[in-house]
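First the structure, in the form of structure tokens, and then the observations on it.
Protein chains: 4
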Amino acid sequence: MELGLVGLGKMGGNMRERIRRAGHTVVGYAHQRDVSDVHSLKELVDSLAAPRVVWLMVPAGEATQSTVDELAELLDPGDIVVDGGNSRWTDDEKHARELAAKGIGFVDCGVSGGVWGLENGYALMYGGEAEHVARVQPIFDALKPAGEFGAVHAGKVGAGHFAKMVHNGIEYAMMQAFAEGWELLETVDSVTDVREVFRSWQEGTVIRSWLLDLSVRALDDDEHLEQLRGYAADSGEGRWTVEAAIDHAVPLPAITASLFARFGSRQDDSPQMKMIAALRNQFGGHAVESK
Amino acid sequence: MELGLVGLGKMGGNMRERIRRAGHTVVGYAHQRDVSDVHSLKELVDSLAAPRVVWLMVPAGEATQSTVDELAELLDPGDIVVDGGNSRWTDDEKHARELAAKGIGFVDCGVSGGVWGLENGYALMYGGEAEHVARVQPIFDALKPAGEFGAVHAGKVGAGHFAKMVHNGIEYAMMQAFAEGWELLETVDSVTDVREVFRSWQEGTVIRSWLLDLSVRALDDDEHLEQLRGYAADSGEGRWTVEAAIDHAVPLPAITASLFARFGSRQDDSPQMKMIAALRNQFGGHAVESK
Amino acid sequence: MELGLVGLGKMGGNMRERIRRAGHTVVGYAHQRDVSDVHSLKELVDSLAAPRVVWLMVPAGEATQSTVDELAELLDPGDIVVDGGNSRWTDDEKHARELAAKGIGFVDCGVSGGVWGLENGYALMYGGEAEHVARVQPIFDALKPAGEFGAVHAGKVGAGHFAKMVHNGIEYAMMQAFAEGWELLETVDSVTDVREVFRSWQEGTVIRSWLLDLSVRALDDDEHLEQLRGYAADSGEGRWTVEAAIDHAVPLPAITASLFARFGSRQDDSPQMKMIAALRNQFGGHAVESK
Amino acid sequence: MELGLVGLGKMGGNMRERIRRAGHTVVGYAHQRDVSDVHSLKELVDSLAAPRVVWLMVPAGEATQSTVDELAELLDPGDIVVDGGNSRWTDDEKHARELAAKGIGFVDCGVSGGVWGLENGYALMYGGEAEHVARVQPIFDALKPAGEFGAVHAGKVGAGHFAKMVHNGIEYAMMQAFAEGWELLETVDSVTDVREVFRSWQEGTVIRSWLLDLSVRALDDDEHLEQLRGYAADSGEGRWTVEAAIDHAVPLPAITASLFARFGSRQDDSPQMKMIAALRNQFGGHAVESK
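Protein chains in written order, with full-length UniProt numbering: chain Z, 1 to 291; chain A, 1 to 291; chain G, 1 to 291; chain W, 1 to 291.
Laid out in structure tokens, this is it:
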């Protein structure tokens, strides 16, 4: 089938390639002229036969909103927009309503896969009406991994991004779990080869997982991670997961601890710990470290 | 080779079977007469040709200590004791010293595998001197999974149990990660089939793992886990992991949160939350729920 | 001076009384006819001489929004609205803009004091332009405690509610601190009188505080809090504090732990701990508690 | 009465002064000759009339143990040893048994007060048999604050140090609460004077407390704490509190979070966050910060 694909960054570019390898026609559009197949969103729309499917792979927030706005003007009733970016699930219903007012369908799709997706396939979680999802199914089939899993119609509009968001929240805590365990092992003298311990865990253990495999790869590159700073960014999904939990009064201690650990990693000097030091000094005359 | 195996419970019994399938001779001893091959620890020792290897698979703490004490009297210099139980790593050095005084070697071995070990093999992490480990190697080879991973000489005496303990700490946080994500997904209306979301995650995602596979199995048995109480026991390893982290001043927020969640799950009514309720009532006149 | 006061619940009613005791004229309006001085918001506005000050003490969210909307129509340029309710700070700027379009000033004011405020005074944190704050100052002076502290012009519009929100976040963690300590003391045999320990802490300790005093009062009422359920509600401010922290990438582990403890206290059976139990059963054959 | 006081550091020196001001005779001994009243522990014992009371104010662990050992030899049946240092409660029963074998009584006493104790009095929590406590009571009365609170017979041997340990655990979480709130307030633009917000909280609020007063003092010294590093030490009591909670399966999320925040503050670069960065890089090609 034909697909319009807006956004050809690290993710979008590889996805175009994977969809093409499956035999579909992809017209890609991006601001960067050298990778773009057309010169404008209008040209992209014009180059596709109706009813069209246009897949967005642009940054969440304003970029996605403005693309949805523009497509609402350019597309025809019966066309479908798929938001495959990292949009907050709360944006999906708004986008769906806006497009529905023009007779345009909407499907939200959370995409996981990173740099491995081109070869291994992308895990997909999508939300929307069954008839809209059915129209995009050939593309989902092209993108997903080869096995029997890896794609799911998670529910109504918003469910795809919600499921992907929770996936990322779980991912945060799993990464934190391995990170905490690794640091603890590295601190004790009796364990003489932490990397080999991690390597061995890849079979027969309860914690065997892809993230464990990746940690072994990372340690093979740099046994004690001495080349890295202990500095971790976070994307929106981790934050939104905690916010969603708060909205629903669900306690999320491990995932939230993982998010806060990342926040802390980005502070050169912790303001709150200055206050702790100041208070210790006030009541106990404890020595503080001055700058 | 010949092995003496003390303790034939859920783990020990299956391990005897797996070692025998690999062609070794195992003399098993347990208090339960119907499963025991001999009638006493002395008979077990007498039935093995020196230099012997005796593997303990008995409860950590007093039971292991008294077995070590007894074997210190029964065995000969050049024999080796392997503690494959869930002993605290701090006990290992004590046991090693005690046995070394009699010329007996000691190896500690953390064993992971649960009810799946008999067929799939057991992950093994062992600590001790190279010559002692080498003597036990054929048994390690029989127990470990078939692939290239699953067994590691982690370091000095104690390193095996320490590595296994950290494995379990990581396991706690990974389980908590999936549990938190599952609860959050179950609370939102838009996601109409949480089980299918979990199922789909088994390929292409960052969080694919054996624990994810098991969670799908659990949901296939009971889609909303309605047959279970939200009550989780904890074994010593989770607690010891946190204690080891405190000893080494390593922050372990996600693993500790997971341990505390289990503690909380076992309280019918939380004393600390009674105090919160009492304080809210004191300062705000907030309604409290009386019994 | 004259004040219009909208909302005469537990807080508003007592505040009317305290302001009147200070010699000011208060016209109160509430839906409950028996406590209301006038029959409508319009009558309240008409009964005050311009330039007016109208103080809102109504529930945050829709009730406050609709009152602001109505007052925007009823009031005159030069009048001032004070929102003394528990509004989210993000609503303040919106309300200020809406009213400013009509020439009406806006001050947000966080109020702390609970059932003790009538006699002891209310702690006040307010935000807004200096000239608007100055107009309300006599009322602030009437409401605040007698001493030199207890009232602050915290900054721009929104700063009052933000400061009050953070106050409540701190309050959550302080309450949790005492609650955790109390539970731990109650579990050990050697400490034979936990209440007397708490009582003694009221002088000379680092943790002496009003919340400690209140905890002693609560224990005097019910030494082991046996009459209470361990069930704690939460108001919006605790949640908003965590959300604000996430917005600003500030780690807030203790306050968030306190919020999650409350969430957990309200669950009859924890869904996430069911998943933990299910997973333990899957990999280890561990016994689970069925319903 | 007469008291022997061993250890004349920051705490012990001031306590000697306060006890003397109350009219008692104190014979102090310390290794530092310039502050010591006698030249040896033996001389201290010889200079007191039996039955004696000897109060230890020496570092927990080995120093306390060796002093107890020495006193067990020097003292007579009917004498009493008070351990006023920061010993772990688990040491108390051991010391009590050792001394009881010689007919010597033992009282453990947790002391809070820091640099403020000399003038304001020390909060005291003691454990032991009633007859032993009664013998020390005049000294407790001299040390405690002037008001009706500040001293408690908490229970059996060990209860004093246990109660003091929990006091410190609560203190950790209260300090963390103020520290988190302060950092959050400092990050938002709308709040233009965080110090004045803190100052105002000293009356009428739920969070008024001595620690709040101290935080205002600290901010008066250095409004944004710019002279300090965000580096906080921890004493044993915080760690022991968490360990005691783990022993008793009591969840302690806020106190533990506070302890871990201190651990983290002392790491120049977080090993665990290096692993997070490494994993992000492995699966997503996310940029990492190299050294």
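For each residue, glycine too, the CB sits at the ideal point set by N, CA and C.
Since Ile246/W and Val81/A should fall inside the 8 Å C-beta cutoff, what is the C-beta to C-beta distance between them, to a whole number of angstroms? Wrong, their Cβ atoms sit about 29 Å apart, outside the cutoff.
Identity of the residue in Phe263/G, Gly7/G, Thr205/G nearest Val115/W by Cα: Thr205/G
Spell out whether any CB of chain A is found under 8 Å from the CB atom of Ala177/W. Not flagged as an interface residue toward chain A: Ala177/W, since no C-beta distance is shorter than 8 Å.
For Ser209/A: DSSP bridge partner residues: For Ser209/A, which the question treats as bridged, DSSP gives the partners Ser209/Z.
In the DSSP output, what is Gly105/A paired with across the bridge? Ile80/A
For Ser40/W, count neighbouring Cβ atoms within 10 angstroms of its own Cβ and tell me buried if that reaches 16, exposed if not. exposed
How many angstroms separate the CA atom of Ala173/Z from the CA atom of Ser215/A? Between Ala173/Z and Ser215/A, the C-alpha separation is close to 16 Å.
Tell me, please, whether the CB atom of Gly284/A is closer than 8 Å to any CB atom in chain G? yes
Which of the three DSSP states is assigned to Val250/W in this structure? Coil at Val250/W, not helix or strand.
Can you confirm whether the stretch 145-163 of chain W touches the stretch 122-133 of chain W when touching is taken to mean that 3 or more C-beta pairs between the two stretches lie within less than 8 Å? yes
What span of residues does the beta strand (DSSP E) with residue 292/W cover, start to end? Look at the range of chain W in this structure, 1 to 291, and you will see that residue 292/W is not part of it.
Evaluate contact between the stretch 190-203 of chain Z and the stretch 261-273 of chain W, counting only Cβ atoms and requiring at least three cross-stretch pairs below 8 Å. no
Residue interval of the alpha helix (DSSP H) (run including Thr90/W): In the DSSP assignment, Thr90/W falls within the alpha helix (DSSP H) that extends over 89-100.
Through-space distance from Ser87/Z to Ala63/Z, alpha-carbon basis: 10 Å
Given a cut-off of 8 Å, decide if Met125/W and Lys94/W are closer than it, judged by their beta-carbon atoms. no
Beta-carbon gap between Val6/A and Val68/A smaller than 8 Å: No, these two residues do not count as a Cβ contact at 8 Å.
is_contact[Val133/W, chain Z] using C-beta, thresh 8 Å: no
Report buried or exposed for Ala134/Z, applying the criterion of at least 16 other Cβ atoms within 10 angstroms of its Cβ. Answer is exposed; the Cβ neighbour count stays below 16.
Got a sec? Which residues, its chain only, sit under 8 Å from Ser36/W by beta carbon, not counting five neighbours each side? Leu8, Gly28, Tyr29, Ala30, listed in sequence order.
Looking at the structure shown, is Tyr29/A part of a helix, part of a strand, or coil, going by DSSP? strand
Between the Cα of Ser258/Z and those of Glu196/A, Glu180/A, Gly264/A, Arg195/A, spot the shortest distance and give me the residue it belongs to. Glu180/A
Can you tell me whether His224/W is buried or exposed? The criterion is at least 16 other CB atoms within 10 Å of its CB, across all chains shown. By the 10 Å Cβ count, His224/W comes out exposed.
Cβ pair Arg52/W, Gly4/W closer than 8 Å: yes
Which of the three DSSP states, helix, strand or coil, is assigned to Ser36/W? coil
Anyone know if the C-beta pair for Gly150/Z and Gly110/Z falls short of 8 Å? no
Taking Arg33/A as the reference, which of Ala22/A, Asp46/A, Gly13/A has the closest Cα? When only C-alpha atoms are compared, the closest one is Gly13/A.
Applying the 10 Å Cβ sphere with the 16-neighbour rule, what's the burial state of Thr256/A? buried
Checking 8 Å against the spacing of the C-beta atoms, do Arg217/Z and Gln282/W come in under that value? yes
Do you know how far the Cα of Asn168/A is from the Cα of Gly61/G? 46 Å
Going along chain A in order, which residues have a C-beta closer than 8 Å to the C-beta of Leu192/Z? It is Thr, not Leu, that sits at residue 192/Z in the sequence shown. What Thr192/Z touches in chain A: Ala154, Gly155, Lys156, Ala159.
Inside the stretch 176-226 of chain A only - alpha helix (DSSP H) runs reaching at least 4 residues: Restricted to the stretch 176-226 of chain A, the alpha helix (DSSP H) segments that are unbroken, complete and at least 4 residues in length are 194-200, 210-221, listed in chain order.
Among Glu17/G, Arg18/G, Met1/G, Ser66/G, which one has its Cα closest to the Cα of Leu48/G? Of the listed residues, the one whose Cα sits closest to Leu48/G is Met1/G.
Please report how far the alpha carbon of Ile170/G lies from the alpha carbon of Leu44/W, in whole angstroms. Put simply, the backbone Cα of Ile170/G is about 48 Å away from that of Leu44/W.
When the Cα of Ala137/G is compared with those of Leu279/G, Ala22/G, Arg280/G, which residue comes out closest? Going by the sequence as given, residue 137/G is Gln instead of Ala. Among Leu279/G, Ala22/G, Arg280/G, the Cα nearest to that of Gln137/G is on Ala22/G.
So what's Val136/Z in DSSP terms, helix, strand or just coil? It is helical.
Output, in chain order, the set of chain G residues within a Cβ distance shorter than 8 Å of Arg199/W. Neighbours of Arg199/W on chain G, chain order: Phe149, Val152.
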